Amino acid sequence: MTRSYKDVWDSYWRDVTPRPGAAFWDSTPDHAVQRELPLFAAAFDPQLPVVDVGCGNGRQTRGLADAFSRVLGVDVSEGGLRGARAHHAAANVEYRALDLLDGPAVRALHAEIGDANLYLRGVLHQLQPADRPAAVHHLAALLGERGRVFLVELSPAAGQLFASLARGHGGPPAKLQQIVSHGITPALLPAGELAALFHRVGFVPRAQGVTTVVTTQALPDGEIIEVPCEYFLFQRADA
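Sequential numbering from 69 applies to the sequence shown in this note's numbering.
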């Protein structure tokens with residue numbers, strides 16, 4: 069990716085428009101965050117804010133707001149955030165621009181809000197491998213001493229699915245093609261990479277398992293595409 073992440077995602081949201089359901093992954097909360105809540109809600113300290121990192125148009129952020137008292141959606145793209153503020157506002161939700169690779173900005177946010185619980189849905193695989201250690205280091209800065217992080221990432225089986233879709237009649241489905249055309253190429257994380265990255269910053273898995281991301285893209289036969297994924301709940305090793 070030669071352009072900055074901000075440029076790429078601003079371009080994407082200009083083309084797609086951040087209305088609910090327009091993006092490939094933008095399923096309704098009952099098929100996403102609300103389905104995932106039993107996997108992490110009890111482990112999150114309710115006194116801490118919840119930060120939805122890479123919130124995009126805020127659809128899942130708004131779902132988090134139904135379960136937690138204070139939620140902050142952050143994203144590198146103002147294009148996505150405009151849609152979030154327009155379509156998914158709530159009294160206990162705030163949206164802000166934040167580049168996860170900008171260490172000073174991340175530390176300033178932690179200084180302002182204190183330790184936080186984090187939610188990430190398909191974010192880290194979008195980063196170049198060389199950028200992932202810094203991203204996880206900055207996530208640890210937001211977590212502080214008390215925060216925990218729940219994240220969903222592509223599993224190895226996702227690569228097989230995408231390859232199959234690309235070979236299909238007519239090529240990739242429209243919403244997937246929109247992603248690729250903007251230079252956003254889903255990349256799989258090697259087995260064990262997430263655990264290793266978080267281990268380096270003092271976090272260990274509290275729970276992990278398999279799940280899917282229900283997309284908004286239907287196949288010609290009407291079947292909705294579900295992308296194979298894994299989930300992780302990390303906490304401090306000394307917790």
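Virtual Cβ for every residue (Gly too), placed ideally from N, Cα, C. Note that the structure is a prediction, hence the values are computed from the model and not measured.
- Each residue's CA atom was taken as its position, placing V278 and L219 some 12 Å apart.
- For a cut-off of 8 Å, the C-beta gap from D199 to L169 is around 6 Å, short enough to register as a contact.
- Annotated three-state conformation of F230 is helix, per DSSP.
- The residue among A209, V101, Q303, L188 with its C-alpha nearest the C-alpha of A173 is A209.
- Taken through DSSP and simplified to helix, strand or coil, A158 comes out as coil.
- Exclusion of the five residues before and after R235 leaves no residue of its chain whose Cβ lies closer than 8 Å to its Cβ.
- Three or more pairs of CB atoms, one per stretch, sit closer than 8 Å, so the segment 152–170 contacts the segment 122–135.
- The residue among G151, L107, G190, I293 with its C-alpha nearest the C-alpha of T253 is G190.
- Cβ contact annotation for Q102 (same chain, cutoff 7 Å, sequence separation greater than five): G131, in chain order.
- For P273, the three-state secondary structure derived from DSSP is strand.
- In this model, D113 and H206 are separated by some 20 Å (Cα to Cα).
- Taking 9 Å as the cut-off, the Cβ atoms of S95 and V281 count as close.
- Under the 10 Å beta carbon count, D120 is surrounded by 16 or more other beta carbons and is classified as buried.
- Excluding its 5 nearest sequence neighbours in each direction, F271 has C-beta neighbours in its own chain below 7 Å: A208, F302, Q303, R304, A305, listed in chain order.
- Beta bridge pairing from DSSP links Q303 with V272.
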